Structures are given as C-alpha cells and as structure tokens.
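One structure is given here, and the rest of the page talks about it.
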C-alpha cells in the first residue's frame, strides 16, 4: 500500500450516498463541523467525569 491516501478514493466512494443525501437536504458544511465539535466535546466531558474503568468500556 502507498499509505493512507491510497484508501481515500475507496472511502470517498463509500460515503457517496451520505454526501448526496446531505447535498439534497442542503446541509451546510458548517453544520457538520459544529456537530463534530459537539460530539467531541461530549466525549471529552464523559471521559473527564466518568470513573476511569467505566470510561474505558467499549
């Protein structure tokens, strides 16, 4: 394999349905960014407040 970027076309093709759906619904890229930031903040808060053994569970 030539590195991680060799997988990019395959991964982009797998997401084509999601991309098309988001375009049809006119979802802004900023909305996706905000959702990602909120999810990361929620995950970080959970790791900070939960006891370590509970936070490590899958």
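Residue numbers (our numbering): 270 to 327.
We put the beta carbon where it would ideally sit given N, CA and C, even for glycine.
Being a predicted model, the structure only gives us computed values, none of them experimental.
According to DSSP, is residue i part of a helix, a strand, or is it coil?
| i | result |
| --- | --- |
| residue 305 | helix |
| residue 272 | coil |
| residue 319 | coil |
| residue 327 | coil |
Starting from residue i, follow the alpha helix (DSSP H) in both directions and report where the run begins and ends.
| i | result |
| --- | --- |
| residue 287 | 285-293 |
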